[in-house]
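These notes are about the structure you will find just below.
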Amino acid sequence: MCGIVGYIGEQPAYDVLIKGLHRLEYRGYDSAGVALLSPDGELNIYKTRGKVDDLERFCESKDVSGNVGIAHTRWATHGEPNDVNAHPHFSCSGRLALVHNGTIENYNVLKTALELQGCTFRSETDTEVLVQLIEYVKETNDCSLVDAVREALKEVIGAYAIAVIDVNDPDMIIGARKSSPLVIGIGDNETFLASDATPIIEFTNKVVYLNDDEIAIIKKGQPLQIISTDNRPAEIDIKTLRMSVSQLEKGGYPHFMLKEIFEQPRTIHDCIRGRVGSKGATVTLSGVIENKDRFLNAHRIIIVACGTSWHAGLIGKRLIQEIARIPVEVEYASEFRYSNPVLTDRDIVIAISQSGETADTLAAIQMARKCGAFVYGICNVVGSSIARATDSGTYIHVGPEIGVASTKAFTGQVTVLSMLALAIGQLKGSVKPGVAEEITSSLRRLPDLIKQALKLNESIEQLSGIYTYVHNFLYLGRGFNYPSALEGALKLKEISYIHAEGYPAAEMKHGPIALIDHELPTVVIAPNDELHEKIISNIQQVKARGGSVIAVVTKGDTTIADIADHILEIPEVAEPLSPVIVSIPLQLLAYHIAIKKGCNVDMPRNLAKSVTVE
Ligand code: F6R
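As structure tokens, then:
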């Protein structure tokens, strides 16, 4: 949530910062702003409500000179999205500018104290407190900017990644983090700083991930310095990124979401590469091998996640229980962290997160580790906070996901969970005969099966025209595909703003059936599986009440074809992996309905990709 970027070097800072903001815009797009230190010693701050394009238009006739600057794209928490609340915020004297990602919990106390000292506040944000506090400390103690930041942060409760510049120290940027991500890019005579590596990768693949309670001192033409908030030098661990710029572009597609849907044959191939061989029925996950005893002795697994990742967790529960025969619970991270759970060192907590930055999931991990549980991460973003906070884990390796609605990450998570279930099951010897062969051979075929499912694109586009203006949708599924129904409904509501509810198909008759009439379409996920006959009855119950049915079925299913209004045929796939294939038509349906409604699918209103606040 919120993206920050900073640059110091020899290039025009404005160009680097604007490019960086575009890359970070998926983190928030309520307002944007930039602060530049001009060659003639001015601090120029430009900010506006709206997207980065609006900021660019706003800056067209402005002085954007200078090689040092910081910038921000906002997802509003404190104060409505307007020009004044947009970042960068500046100090009373106008000499300091600051951008911030996170939330300052004690901002009211700090604000009142600063107001008593004569500070005037312009915005309603929690962030402004930081810049005023830093200036206050700097002036009262007559100290350097670094010392002022260090001292000021001691007073702050909350989460932050910040970047600060000072007109009196024009060749320096100070960065600091606690519970919000900050990455520093090391180039030749230039240094970058950003919420994630996407604005940096175009210029350098050498990065340093700042740790909590660390402060980065970035000076023009000088090596990076990192100190802790208690003023001890910290280690500088330079990592080499393997991301490429082309992964961050639309590659000819009109939207990132569509590109990411169509990328799935390749992303799933990347996800299983090196883990499932071209022959045989074994799965190799280094995280499981290295922690063999933990998995062998586990009494219970608790999966914690949010949103789409939580839906993947529900599928993971069935996979692990069925294949590895370990009891599994699935919890919303936001509930789990405050539930005072009973945890022991025989529990394994699996945290699932695409971004690896979700605040609730991160807090749940920290709590679980304190209680002695072993924490295993399933993340996409390499080097993210969650990936670093867990004891071990497996990356899904699907490449950067930029569209705010998660698509390829979901299929990657389910794929990893199926491999994890099998790897643990093989270790324990609990896998039933034939199951390992069935799962591994389906995993190998997944990229091809996804390709076949993607052929539905055109027919789904046509179908979406019929349903563009309905107000509600019901999604039903059973077994492995009950979570698919939840996920299908979430995709539709988040990008098309149509209310949609996912339900276990058989539960429909205990309430939601009352909603069914000719105005409520129902998407029924009904591939060939153990419960196929049962779901046919559920479809008939909907039809008998005048509802229309769009059914996702296995190719050749003539029974459902005769009853449903529309069918979307997917290829035959092993039942435990069917959610991966089923999700393709559901993603496409949500996409095309949203496009027909004229919605911005990559940046749906009120949402942000990386939820770094509670
Ligand atoms: C929905 C979506 C969100 C995320 C959720 C968790 O399409 O993207 O529901 O799944 O915010 O995010 P991560 O997986 O990054 O922890």
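Okay, so the sequence shown: first residue is 0 according to numbering that gives the first Met the number 0, each after it adds one.
Note that beta-carbon positions come from the ideal geometry of N, C-alpha and C, so glycine has one too.
Small disclaimer: the values here were computed from a predicted structure and weren't measured.
- Beyond the five residues adjoining it in sequence on each side, residue 485 comes within less than 6 Å, by CB distance, of 310 and 501 in the same chain, given in chain order.
- If you draw a straight line from the Cα of residue 135 to the Cα of residue 89, it is about 12 Å long.
- Residue pairing from DSSP places residue 218 in a beta bridge opposite 171.
- Summarising the contact set, residues whose Cβ lies nearer than 7 Å to any heavy atom of ligand 1 are, in chain order, 304, 305, 306, 307, 308, 351, 352, 353, 354, 355, 356, 357, 360, 403, 404, 405, 408, 489, 490, 493, 608, 609 and 610.
- Nearest C-alpha to residue 403 among 75, 319 and 609: 609.
- Within the stretch 354-423, the complete beta strand (DSSP E) runs of at least 3 residues fall at 373-378 and 391-394.
- Every unbroken stretch of the beta strand (DSSP E) spanning 3 or more residues and falling wholly within the stretch 278-326 is given here in chain order: 299-304.
- Taking C-beta separations shorter than 8 Å and ignoring five residues to either side along the sequence, the partners of residue 94 in its chain run 42, 134, 165, 166 and 167, following chain order.
- Runs of the alpha helix (DSSP H) spanning 4 or more residues and lying entirely within the stretch 5-48 occur at 12-23, in chain order.
- With 16 or more neighbouring CB atoms inside 10 Å of its own CB, residue 494 falls in the buried class.
- For residue 156, no beta strand (DSSP E) run applies, since DSSP gives it neither H nor E.
- In the DSSP assignment, residue 579 falls outside any beta strand (DSSP E) and within the unbroken alpha helix (DSSP H) covering 577-595.
- A distance below 7 Å between beta-carbons, with the five flanking residues on each side excluded, links residue 397 to the following residues of its chain, in chain order: 266, 269, 270, 379, 407, 408 and 411.
- Three or more Cβ pairs closer than 8 Å define a contact, and the stretch 430-448 falls short of that threshold against the stretch 296-311.
- Between residue 66 and residue 7, the C-beta spacing is below 8 Å.
- With fewer than 16 other CB atoms across the displayed protein chains lying within 10 angstroms of its CB, residue 341 is exposed.
- For residue 62, the three-state secondary structure derived from DSSP is coil.
- DSSP, reduced to helix, strand and coil, places residue 188 outside both helices and strands of the structure shown, so it counts as coil.
- With 16 or more other Cβ atoms from the protein chains shown falling within 10 Å of its own Cβ, residue 313 counts as buried.
- Residue 540 sits close to residue 512, with the two beta carbons spaced by under 8 Å.
- Your pair residue 69 and residue 3 checks out as a contact, with CB atoms roughly 7 Å apart and the cut at 8 Å.
- Your pair residue 325 and residue 300 checks out as a contact, with CB atoms roughly 5 Å apart and the cut at 8 Å.
- DSSP links residue 471 through a beta bridge to 498.
- Taking all protein chains shown into account, residue 237 has fewer than 16 neighbouring C-beta atoms within 10 Å of its C-beta and is therefore exposed.
- Inter-residue distance for residue 181 and residue 558 is about 55 Å (C-alpha atoms, whole angstroms).
- Going by beta carbons, residue 297 and residue 347 fall inside the 8 Å limit.
- The distance from the Cβ of residue 350 to that of residue 363 is about 7 Å, consistent with a contact at the 8 Å cut-off.
- Contact check for residue 391 against residue 290 passes: the beta carbons are separated by less than 8 Å.
- CA-CA distance, residue 551 to residue 566, rounds to 6 Å.
- Using a Cβ-Cβ distance cut-off of 8 Å, the stretch 28-42 and the stretch 56-64 are in contact, since at least three pairs of beta carbons, one from each stretch, lie closer than that value.
- The C-alpha of residue 466 lies about 30 Å from the C-alpha of residue 26.
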